[in-house]
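Colleague: Please read through the structure below; I'll follow up with questions.
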Amino acid sequence: MGAAVRQPDGNYQLLSGNQIASVLLNYILSAKKKAGSLPENGTIVKSIVSTDLAVKIAADYGVATNNVLTGFKFIAEAIHHYETEHDHTFLFGFEESFGYLIKPFVRDKDAIQTVLLLAEVAAYYKSQGKTLYDGVQEMFKKYGYYAEKTVAKEFDGLDGKDKMAHIMTELRENPLTEFNGHQVVRHADYNASVLTDKDGSQEPINLPKSNVLKYWLDDETWLAVRPSGTEPKVKFYLEVVDKNQSAVDAKLNSYVDALDKEINQLINH
28 MGAAVRQPDG NYQLLSGNQI ASVLLNYILS AKKKAGSLPE NGTIVKSIVS TDLAVKIAAD
88 YGVATNNVLT GFKFIAEAIH HYETEHDHTF LFGFEESFGY LIKPFVRDKD AIQTVLLLAE
148 VAAYYKSQGK TLYDGVQEMF KKYGYYAEKT VAKEFDGLDG KDKMAHIMTE LRENPLTEFN
208 GHQVVRHADY NASVLTDKDG SQEPINLPKS NVLKYWLDDE TWLAVRPSGT EPKVKFYLEV
268 VDKNQSAVDA KLNSYVDALD KEINQLINH
């Protein structure tokens with residue numbers, strides 16, 4: 028489910044999947060806290076390529092975050108575990124690709140639930156003379172300004188599959204140690220199920236094996252790489268955070284330029 032907010036000049040501001048998820052999450056947790064119904068063992072579930080803004084919002088309310096692989100079936104599996112083991116209470120699930128789940132009687136992304144709640148959130152902000160976009164900006168002011176970009180590099184032809192495999196092998200065998208002038212502080216290989224810190228220490232990743240690599244930098248930026256399962260593409264996910272909108276926009280542009288150069292080097296290596 029997508030959404031756009033009409034601005035005072037008549038133009039529409041599109042909200043990203045991460046922004047919609049974050050404004051919904053903030054409303055859910057705030058409402059539950061005011062009502063005294065926020066459970067002590069509450070958790071949200073999101074994919075590993077979705078925004079860390081949600082992690083900050085959840086932590087602010089004492090709510091845990093469970094990161095799972097891309098695909099709503101993994102969010103559904105987490106819900107089944109919670110209902111079986113009774114160790115956590117599911118509060119919200121989402122993926123950055125415009126998929127959301129509020130109530131767990133559905134085991135997939137549910138736009139019907141989401142559009143109803145988003146309308147309620149919009150009405151809440153309107154009652155204060157604000158818009159949904161104002162709500163997003165309020166979150167940014169509190170938790171940091173987040174921006175993201177997904178770059179999909181296509182590899183057509185008979186050798187496309189080999190080129191995709193080459194990129195993943197090159198990154199796996201020679202992990203990035205710095206990117207765009209910033210140090211990599213840890214990186215994850217979800218196929219090897221290992222998270223490696225910059226000091227070389229390692230810990231296991233308790234998720235099913237998947238051909239995904241992820242890097243975290245010293246400025247809270249992260250980069251994830253995975254081949255598409257349905258198309259001849261390698262997808263690169265970037266998220267950056269900064270102190271204001273102009274700074275985060277400039278930072279994102281800088282990282283996108285650096286990513287383009289990195290992709291070309293990987294292809295031509």
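Note that this note's numbering has the sequence shown beginning at 28, numbered continuously upward.
Just so you know, even glycine gets a beta-carbon here, dropped at the ideal spot from N, CA and C.
Which residue marks the beginning of the alpha helix (DSSP H) containing H193, and which one marks its end?
Modeller: H193 -> alpha helix (DSSP H) spans G187 to E200.
Colleague: Mind checking which residues open and close the alpha helix (DSSP H) that includes E289?
Modeller: Q272 to N295
Colleague: Residues in the same chain with beta-carbon distance under 7 Å from F99, minus the five sequence neighbours each way, listed in chain order, please.
Modeller: E122, G126, D135 and K136
Colleague: Quick check on S49: does DSSP put it in helix, strand or coil?
Modeller: helix
Colleague: Do P259 and M195 have their C-beta atoms within less than 8 Å of each other?
Modeller: Pairing P259 with M195 gives a Cβ-Cβ distance that is not under 8 Å.
Colleague: Taking buried to mean at least 16 other C-beta atoms within 10 Å of its own C-beta, is E266 buried or exposed?
Modeller: buried
Colleague: Can at least three beta-carbon pairs, one atom from the segment 69–78 and one from the segment 89–98, be found at a separation below 8 Å?
Modeller: When Cβ pairs closer than 8 Å are counted between the two stretches, the segment 69–78 is seen to touch the segment 89–98, the count reaching three or more.
Colleague: Taking DSSP's pairing of strands, which residues face D224 in a bridge?
Modeller: R213
Colleague: State the start and end residues of the unbroken alpha helix (DSSP H) segment that holds Q164.
Modeller: L159 to Y170
Colleague: Taking E266 as part of the beta strand (DSSP E), name the residues at either end of that continuous run.
Modeller: K260 to D269
Colleague: At which residues does the alpha helix (DSSP H) containing A81 begin and terminate?
Modeller: It spans L80 to D87 - the alpha helix (DSSP H) in which A81 sits, taken as one unbroken run.
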